[in-house]
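Peer 1: The working numbering numbers the first residue of the sequence shown as 9 and each following residue consecutively. All C-beta atoms in this analysis are idealised placements derived from N, C-alpha and C, irrespective of residue type, glycine included. Keep in mind the model is a prediction, meaning the values are calculated, not measured.
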Amino acid sequence: MLPDIKSLAREALEAQFAAWRQPAYRVTQLLDWLYARRAAGWEVMTNLPQSLRAKLAENFSLQTLELVRKQGTADSTQKFLWRLRDRALVESVLIPANPALYGEASDRHTLCLSTQVGCAYGCKFCASGLDGWKRNLTPDEIVEQVLAVERARNAECRMPIENQSGAGQTTPHSALRAPRWIDNVVVMGMGEPLANYDNLLKALSIVNAPWGGGIGARKITISTSGLVPQIRRLAAEPFQFRLAVSLHGATDAVRNRLMPVNRKYPLLELIAACEEYQRQKGRMITFEYILIAGVNDAIEQARPLAALARKLFAKVNLIPYNQVAGLPWQRPAEDVCEAFLAALKKQKVAATLRREKGGDIDAACGQLRLRTERELAHFFT
Ligand code: SAH
Ligand code: SF4
9 MLPDIKSLAR EALEAQFAAW RQPAYRVTQL LDWLYARRAA GWEVMTNLPQ
59 SLRAKLAENF SLQTLELVRK QGTADSTQKF LWRLRDRALV ESVLIPANPA
109 LYGEASDRHT LCLSTQVGCA YGCKFCASGL DGWKRNLTPD EIVEQVLAVE
159 RARNAECRMP IENQSGAGQT TPHSALRAPR WIDNVVVMGM GEPLANYDNL
209 LKALSIVNAP WGGGIGARKI TISTSGLVPQ IRRLAAEPFQ FRLAVSLHGA
259 TDAVRNRLMP VNRKYPLLEL IAACEEYQRQ KGRMITFEYI LIAGVNDAIE
309 QARPLAALAR KLFAKVNLIP YNQVAGLPWQ RPAEDVCEAF LAALKKQKVA
359 ATLRREKGGD IDAACGQLRL RTERELAHFF T
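(1) Is L326 buried or exposed, if buried means 16 or more other CB atoms sit within 10 Å of its CB?
(2) Looking only at C-alpha atoms, which of M9, R29, F25, L320 sits nearest to V35?
(3) Rounding to the nearest angstrom, what Cα-Cα distance links R382 and L349 in this structure?
(4) Check whether the Cβ of N330 sits closer than 6 Å to any heavy atom of the ligand SAH, and report yes or no.
(5) Count the other C-beta atoms from every protein chain shown that fall within 10 angstroms of the C-beta of K354, then say buried if there are 16 or more, exposed otherwise.
(6) Is the beta carbon of N55 less than 7 Å from the beta carbon of N144?
(7) Using the beta-carbon count (16 or more within 10 Å), is L10 buried or exposed?
(8) Helix, strand or coil: how does DSSP classify G367 here?
(9) Would you say the beta carbon of S122 comes nearer than 6 Å to a heavy atom of the ligand SF4?
(10) Could you please give me the residues that DSSP links to C120 through a beta bridge?
(11) For F321, count neighbouring C-beta atoms within 10 Å of its own C-beta (all shown protein chains included) and say buried if the count is 16 or more, exposed if not.
(12) L361 lies in the beta strand (DSSP E); which residues open and close that run?
(13) Using 8 Å for Cβ pairs, my map puts K210 next to S15. What's the rounded Cβ distance?
(14) Taking one C-beta from the region 198-206 and one from the region 117-126 each time, how about it: are there three or more such pairs within less than 8 Å?
(15) Quick one: using the 10 Å Cβ neighbour count with 16 as the cut-off for buried, is P340 buried or exposed?
(16) Measure the C-alpha to C-alpha separation of F249 and G221 and round it to an integer number of angstroms.
(17) Please determine whether the Cβ atom of I103 lies at a distance below 6 Å from any heavy atom of the ligand SAH.
(18) Quick one: residues in its chain with C-beta nearer than 6 Å to the C-beta of A243, no 5 flanking neighbours on either side, listed in chain order?
(19) Would you list the residues sitting across from Y297 in a DSSP beta bridge?
(20) Which parts of the region 226-271 are runs of the beta strand (DSSP E), unbroken and 3 residues or longer, counting only runs that do not cross its ends?
(21) Anyone know if the C-beta pair for C165 and A82 falls short of 7 Å?
(22) Within 10 angstroms of its Cβ, does A281 collect 16 or more other Cβ (buried), or is it exposed?
(23) Assuming E308 contacts L255 under a Cβ cut-off of 8 Å, what Cβ separation, rounded to an integer in Å, is found between them?
(24) Over what stretch of residues does the beta strand (DSSP E) that includes Q86 continue unbroken?
(25) Which residues does DSSP pair with G475 in a beta bridge?
(26) Please write down, chain order preserved, every residue whose beta carbon lies under 5 Å from a heavy atom of the ligand SF4.
(27) Tell me, to the nearest whole angstrom, how far the beta carbon of V154 is from that of V98; I am working on the premise that it is less than 8 Å.
(28) Which residues bound the alpha helix (DSSP H) around E74?
(29) Thinking C-beta only, is R91 closer than 7 Å to E66?
(30) With DSSP run on the structure shown, which of helix, strand or coil describes P168?
(31) For the candidate residues W219, A258, L212, I13, whose alpha-carbon lies nearest to that of F247?
(32) My understanding is that T118 touches N192, with C-beta atoms under 8 Å, so please give their C-beta distance in whole angstroms.
If you want it as structure tokens, here you go:
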């Protein structure tokens, strides 16, 4: 199988083009096609010589994701189901920060990315644990989620597009520059991102690069169930990515019950790794805390949670559990969630609670659960 062109950083392309005795500006042209115009095939790259396009096609694949299903409308949360080359399915979710309630354009969009097919970590409440782990996504499959959503979105919205190929030429849609929709990325879809560390970092460095996706590192959040060595490794990287830690329990007793990973990396070790991240990157940590009835929603749990949050200057996102068919866990009553939030706030912790309106609940799916615009916006304030 050929390596995919969207798994290569600029430097690797420059080295390849130098070896082919191609001038350096050809790399800029290629990157423009891939990431600014989101080209879906070599044939549209009309300013590259035919011989170079043939050489590229011989040596690299240029894969795009096949859209199988789309849910939601352009002004609300949209869920995209993709088929990969081995026919495995993954999802991405596009969430507007301020949904266009009155017909105006929603102003900011966050894309939730998947990094694996399935997940090996088997958290007891999570739909992906049910089917186990199938494989890691390749860097291009992660990057392509950003491009494919923007491609689909622009096609759907029929945005005015700028024809780059000169007057009088007809250019396929995929060859046109079009507006970017995605301002923020959260790696909270299917899979444990830090278990696919190398591919994740390669992909995010492309999503982040000015010549690639152009999304600032502080607008990229990685969510982890708590892989301690990888958190420490990430702390030493030059990127300022935000970290969201799926805590869900503020004591080992509660966390062990929900998340097998806690037996390998108990809270003391996890918090020490988070402190390291905090030290290196500043106040960039968020705790995610799903509220599950009778498991972690007792008001006494708010005290140890608040202590951990204060120690790390972390924000806490409370998420009422989304029911998963076949699993016994329940979401607590609304007043229980509100009381838990109030207890955290009383203890001087920055915390938010996702409050869903009836219809929105439908947006949550087995693996990629959705967050409200308010909650997601919280990551970036
Ligand atoms: N594996 C990573 C990222 C993907 S899961 C992690 O665990 O952080 C993203 C978030 O969704 C995690 O906080 C996870 O605990 C949460 N989640 C999983 N199933 C859920 C459900 N049914 N309801 C609410 N949140 C859920
Ligand atoms: Fe995997 Fe995250 Fe689900 Fe746990 S919560 S099973 S780590 S995807």
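Peer 2: Working from what's here:
(1) In this structure L326 is buried. Its beta-carbon is surrounded by 16 or more other beta-carbon atoms within 10 angstroms.
(2) Of the residues M9, R29, F25, L320, the one whose Cα lies closest to the Cα of V35 is F25.
(3) The pLDDT assigned to R382 is 32, lower than 50, so where the model puts this residue is not dependable, and the model offers no usable value.
(4) Answer for N330: yes, Cβ within range of the ligand SAH.
(5) Exposed is the call here.
(6) Against a cut-off of 7 Å, the Cβ pair of N144 and N55 comes out as no contact.
(7) Exposed.
(8) The predicted position of G367 is uncertain, since its pLDDT is 38 and thus under 50; no value can be drawn from it.
(9) No, Cβ of S122 sits at least 6 Å from all heavy atoms of the ligand SF4.
(10) According to DSSP, which records beta bridges pairwise, C120 is partnered with V101, V194.
(11) Looking at its Cβ environment, which holds fewer than 16 other Cβ atoms inside 10 Å, F321 is exposed.
(12) Counting along the chain, L361 sits inside the beta strand (DSSP E) bounded by residues 359-361.
(13) Contact holds; Cβ gap of about 7 Å.
(14) The answer is yes - the region 117-126 touches the region 198-206, with three or more Cβ pairs under 8 Å.
(15) Around the beta carbon of P340, 16 or more other beta carbons lie within 10 angstroms, which makes this residue buried.
(16) For F249 and G221, the distance between alpha carbons rounds to 15 Å.
(17) No; taking the cut-off as 6 Å, the Cβ of I103 has no heavy atom of the ligand SAH nearer than that.
(18) Annotation for A243: E284, Y285, Q288 place their beta carbon closer than 6 Å to its own, counting only its chain and skipping 5 residues before and after.
(19) Beta-bridge pairing links Y297 to L326.
(20) You should have 228-232, 250-254.
(21) For C165 and A82, yes; Cβs fall inside 7 Å.
(22) Buried, by the Cβ-count rule.
(23) Cβ-Cβ separation between E308 and L255: approximately 16 Å, too far for a contact (criterion under 8 Å).
(24) Run containing Q86: 86-91, per the beta strand (DSSP E) assignment.
(25) The structure shown does not extend to residue 475, since the chain is modelled only from 9 through 389, so no value can be given for it.
(26) Those residues that have a beta carbon less than 5 Å away from any non-hydrogen atom of the ligand SF4 are, in order along the chain, C127, Y129, C131, C134, S136, G137, E200, S233.
(27) Actually they do not touch by this definition, with Cβ atoms about 13 Å apart.
(28) In the DSSP assignment, E74 falls outside any alpha helix (DSSP H) and lies within the beta strand (DSSP E) extending over 74-79.
(29) It is not a contact, given that the beta carbons lie outside the stated cut-off.
(30) The pLDDT assigned to P168 is 48, lower than 50, so where the model puts this residue is not dependable, and the model offers no usable value.
(31) Per the Cα distances, L212.
(32) Between the beta-carbon of T118 and that of N192 there is about 4 Å, and that keeps the pair under the 8 Å contact cut.
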